[in-house]
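J.: Quick one: structure below, then a few questions.
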Amino acid sequence: MFKFVQCCISANPSYRRHRDFSFLGWHWVNSTCTVLSGEVVRTAYSSQSGSMEKFQPSQNFRHGEFERYAYEFAPNSYMACYGRGAVAFSSAWMGMGSVVNGDPISFAKLLYVYNNACANQIIHSLVKTFNYYKSKALKTEL
58 MFKFVQCCIS
68 ANPSYRRHRD
78 FSFLGWHWVN
88 STCTVLSGEV
98 VRTAYSSQSG
108 SMEKFQPSQN
118 FRHGEFERYA
128 YEFAPNSYMA
138 CYGRGAVAFS
148 SAWMGMGSVV
158 NGDPISFAKL
168 LYVYNNACAN
178 QIIHSLVKTF
188 NYYKSKALKT
198 EL
């Protein structure tokens with residue numbers, strides 16, 4: 058199976074005066090995030106009871122494949138995330154969520170940006186491979 062790499066920066070800008078909530082679960086991606094500023098609180102979904110963890114600036118946390126958490130972002134919170142996995146499969150949940158919430162345009166924008174980045178990466182790899190073999194084939198020995 059193909060594995061893709063994703064990087065993102067999530068933000069709750071300072072002009073928002075309230076805490077922002079997000080749910081993340083059942084994704085085919087392992088992610089590691091670093092809190093850049095503000096505070097991130099996550100609550101695990103489990104049959105016993107959710108455990109709450111707070112992360113301050115410069116602290117890291119991991120979101121594993123198929124783990125389910127609810128995230129809460131304080132105002133003016135920023136975090137950077139890096140992950141690997143089958144990112145494209147995770148878009149099914151985002152698509153359903155955007156339709157249910159009546160916001161399919163943002164999902165269409167996300168798909169456009171993601172597909173454009175994938176196409177650019179594939180083209181770059183093909184050109185690099187072509188140039189490598191071209192230089193080997195046209196190499197003349199003196």
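In this note's numbering, the protein residues as written are 58 to 199. All residues carry an ideal CB built from backbone N, CA and C; glycine is no exception.
So is C175 buried or exposed if we call it buried at 16+ other beta carbons inside 10 Å?
T.: Position 118 of the sequence shown, counted from the first residue, corresponds to residue 175. C175 comes out exposed.
J.: With DSSP as the reference, label K196 as helix, strand or coil.
T.: Position 139 of the sequence shown, counting from 1, holds the residue named residue 196. Coil.
J.: Whole angstroms are fine: how far does the CA of N87 sit from the CA of F59?
T.: As a first step, residue 59 must be located in the sequence shown, where it is residue number 2. As a first step, residue 87 must be located in the sequence shown, where it is residue number 30. Since pLDDT at F59 reaches only 45, below the 50 mark, its modelled position is unreliable, and the value read off the structure follows with that caveat. Each residue's Cα considered, the two are about 14 Å apart.
J.: Go ahead and label Y189 buried or exposed: buried means 16 or more other beta carbons lie within 10 angstroms of its beta carbon, across all protein chains shown.
T.: To locate residue 189, count along the sequence shown from 1; it is residue 132. It counts as exposed.
J.: Alpha carbon to alpha carbon, how far is G95 from S108? Give it in angstroms, no decimals.
T.: If you number the sequence shown from 1, residue 108 lands on position 51. If you number the sequence shown from 1, residue 95 lands on position 38. Rounded to whole angstroms, S108 to G95 spans 20 Å at the Cα level.
J.: At which residue ranges does the region 103-135 contain complete beta strand (DSSP E) runs of 3 or more residues, listed in the order of the chain?
T.: Complete beta strand (DSSP E) runs here, min 3: 109-112, 117-120 and 126-130.
J.: Once the 5 residues before and after L140 are set aside, which same chain residues still bring their CB inside 6 Å of it?
T.: As a first step, residue 140 is located in the sequence shown; it is residue number 83 there, counting from the start. Leu is not the amino acid found at residue 140; the sequence shown has Gly there. Only Q63, V86, N87 and S88 meet the Cβ criterion.
J.: State the DSSP-derived secondary structure class of A49, mapped to helix, strand or coil.
T.: For residue 49 there is no data in the structure shown, the boundaries of the chain being 58 and 199.
J.: Can you check which of these residues, C138, K193, F130 and Y169, is closest to F118 by C-alpha distance?
T.: Counting from 1 along the sequence shown, the entry for residue 118 is found at position 61. Closest by alpha carbon: C138.
J.: The beta strand (DSSP E) spanning A101 covers which residue range?
T.: Locating residue 101 in the sequence shown gives position 44, counting from the first residue. Taken as a continuous stretch (DSSP letters only), the beta strand (DSSP E) holding A101 covers V97 to A101.
J.: The beta strand (DSSP E) that contains N87, what's its start and end?
T.: Residue numbering aside, residue 87 sits at position 30 when the sequence shown is read from its first letter. Taken as a continuous stretch (DSSP letters only), the beta strand (DSSP E) holding N87 covers V86 to S94.
J.: Measure the alpha-carbon distance for Y135 versus K166 and round it to whole angstroms.
T.: Position 78 of the sequence shown, counting from 1, holds the residue named residue 135. Position 109 of the sequence shown, counting from 1, holds the residue named residue 166. So the two alpha carbons sit approximately 22 Å from each other.
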